[in-house]
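Trainee:
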Amino acid sequence: MNPATKNAVISILRDFATSQLPKLTKWTLSDIGQAYPFHRLFFPDREILAARVERSVVTSMGTTLYPSLAEAICKGRFDCVHVEHPIEGMVNDAAINMIEQIVTELRTSPKKREYPRNPDHDAELSDILNSRGGGQASRSVTADLYVGDFDCGPLFIELKSPLPNLDVAAESKRKLLYYLTIMNRQGKINPQAFLGLTYNPFITREQYGHSYTKQIMDMRKQVLIGSELWDYLGGPGTYSELLALIEQVRQELPGLANL
Numbered sequence: 003m004n005p006a007t008k009n010a011v012i013s014i015l016r017d018f019a020t021s022q023l024p025k026l027t028k029w030t031l032s033d034i035g036q037a038y039p040f041h042r043l044f045f046p047d048r049e050i051l052a053a054r055v056e057r058s059v060v061t062s063m064g065t066t067l068y069p070s071l072a073e074a075i076c077k078g079r080f081d082c083v084h085v086e087h088p089i090e091g092m093v094n095d096a097a098i099n100m101i102e103q104i105v106t107e108l109r110t111s112p113k114k115r116e117y118p119r120n121p122d123h124d125a126e127l128s129d130i131l132n133s134r135g136g137g138q139a140s141r142s143v144t145a146d147l148y149v150g151d152f153d154c155g156p157l158f159i160e161l162k163s164p165l166p167n168l169d170v171a172a173e174s175k176r177k178l179l180y181y182l183t184i185m186n187r188q189g190k191i192n193p194q195a196f197l198g199l200t201y202n203p204f205i206t207r208e209q210y211g212h213s214y215t216k217q218i219m220d221m222r223k224q225v226l227i228g229s230e231l232w233d234y235l236g237g238p239g240t241y242s243e244l245l246a247l248i249e250q251v252r253q254e255l256p257g258l259a260n261l
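Convert by adding 2 to the 1-based position in the sequence shown; the result is the number in the working numbering.
1. What alpha helix (DSSP H) runs, 4 residues minimum, are completely inside the region 15-57?
2. Please determine if the region 209-221 and the region 119-131 are in contact, where contact requires at least 3 C-beta pairs separated by less than 8 Å.
3. Are residue 87 and residue 172 closer than 7 Å when you measure CB to CB?
4. For the region 127-140 and the region 170-184, state whether three or more C-beta atom pairs, one from each stretch, are separated by less than 8 Å.
5. Assuming the contact rule is C-beta atoms closer than 8 Å, residue 151 and residue 81 should be a hit. Round their C-beta distance to whole Å, please.
6. Closer than 6 Å: is that where the CB of residue 251 sits relative to any heavy atom of the ligand GTP?
7. In the DSSP output, which residue or residues are listed as bridge partners for residue 142?
8. Contact defined as beta carbons within less than 8 Å: I believe residue 141 pairs with residue 104. What is the distance between those atoms, to the nearest angstrom?
9. Buried or exposed for residue 40, please, with buried defined as at least 16 other CB atoms from any protein chain shown within 10 angstroms of its CB.
10. Rounded to the nearest angstrom, what separates residue 31 and residue 245 at their Cα positions?
11. Would you kindly work out how many angstroms separate the C-alpha atoms of residue 177 and residue 158, rounded to a whole number?
12. DSSP three-state call for residue 64: helix, strand or coil?
13. Between the C-alpha atoms of residue 243 and residue 154, what's the straight-line distance to the nearest angstrom?
14. Based on DSSP bridge pairs, tell me the residues matched to residue 195.
15. Which residue comes first and which comes last in the beta strand (DSSP E) that contains residue 226?
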């Protein structure tokens with residue numbers, strides 16, 4: 003990251019952390035002891051407090067923090083960067099039907115599938131783009147992050163936490179396929195589309211074991227996990243720099259440093 007990007011990232015982290023601190027200070031450790039007396043048999047009061055507010059903070063991360071960080075990091079390298087960016091275009095009926103068929107078949111339990119279908123990015127795209135016939139219909143998808151001048155081709159990122167449920171995984175797949183179809187129909191060169199998982203609780207890609215993501219997505223060609231995502235957006239080493247900046251902001255804010 004260049005200095006301007008680092009400053010932007012620090013500002014985003016600091017503002018977000020400051021906005022979330024009231025959720026932590028709303029409860030005292032004494033309150034936690036009274037509210038969750040049985041939890042104390044297993045967990046220290048601070049851990050109970052963290053668990054009490056974790057869901058709310060994590061939800062805010064998904065809606066605010068991750069898109070803002072991704073936008074700032076990309077703007078350090080590219081000019082055409084947008085969050086919540088709609089992409090619209092015409093798609094023929096046969097391609098629409100094929101996309102819906104692919105998503106439906108993948109989200110059906112493997113044990114209940116009449117015809118076996120495994121996630122396969124190249125085969126899926128071939129099936130869709132070779133589907134001809136019917137009329138034309140307008141379709142629109144919204145990118146959590148869109149980079150029109152990305153190195154490899156216009157980039158669509160669907161930002162999600164690393165443990166999406168089946169509905170979220172299926173909808174993300176649908177959006178990626180519609181985006182690629184629209185861009186191909188418009189003659190765009192080498193469009194890119196990924197489900198971007200913002201961190202990896204399994205630590206390594208090889209250990210990543212969330213069943214719904216693996217059921218729906220081609221893990222090799224449609225998913226960027228943790229460090230892969232941030233390094234893809236910002237260049238090699240971005241994730242390590244981001245972790246260092248997180249620690250820096252944590253130490254700067256007394257409300258966080260003492261947790």
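Note that beta-carbon positions come from the ideal geometry of N, C-alpha and C, so glycine has one too.
Mentor: The short version:
1. The qualifying runs are 31-37.
2. Yes, the region 209-221 touches the region 119-131.
3. The residue given as residue 87 occupies position 85 in the sequence shown. The residue given as residue 172 occupies position 170 in the sequence shown. It is not a contact, given that the beta carbons lie outside the stated cut-off.
4. The region 127-140 makes contact with the region 170-184: 3 or more CB pairs, one atom from each, lie closer than 8 Å.
5. What you label residue 151 is simply residue 149 of the sequence shown in a count that begins at 1. What you label residue 81 is simply residue 79 of the sequence shown in a count that begins at 1. For residue 151 against residue 81, the beta-carbon gap comes to about 6 Å, under 8 Å, which counts as contact.
6. Looking for the ligand GTP in the displayed structure turns up nothing, as the structure carries no ligands at all.
7. Walking along the sequence shown from the start, residue 142 turns up at place 140. DSSP output for residue 142 lists 90 as bridge partner(s).
8. As a working mapping, residue 141 is identified with position 139 in the sequence shown. As a working mapping, residue 104 is identified with position 102 in the sequence shown. Wrong, their Cβ atoms sit about 15 Å apart, outside the cutoff.
9. Taking the sequence shown and counting its residues from 1, one reaches residue 40 at position 38. It is exposed - the Cβ of residue 40 has fewer than 16 other Cβ atoms within 10 Å.
10. Looking up residue 31 in the sequence shown gives position 29. Looking up residue 245 in the sequence shown gives position 243. Taking the straight line joining both Cα atoms gives about 28 Å.
11. Translated into the one-based positions of the sequence shown, residue 177 becomes position 175. Translated into the one-based positions of the sequence shown, residue 158 becomes position 156. So the alpha carbons of these two residues sit roughly 9 Å apart.
12. One-based indexing of the sequence shown puts residue 64 at position 62. Of the three classes helix, strand and coil, the one that applies to residue 64 here is helix, per DSSP.
13. For this step, residue 243 is matched to residue 241 along the sequence shown. For this step, residue 154 is matched to residue 152 along the sequence shown. Rounded to the nearest angstrom, the gap between the Cα atoms of residue 243 and residue 154 is 23 Å.
14. Here residue 195 refers to the residue found at position 193 when the sequence shown is read from its first residue. According to DSSP, which records beta bridges pairwise, residue 195 is partnered with 158.
15. Counting from 1 along the sequence shown, the entry for residue 226 is found at position 224. The continuous beta strand (DSSP E) containing residue 226 extends over residues 225-227.
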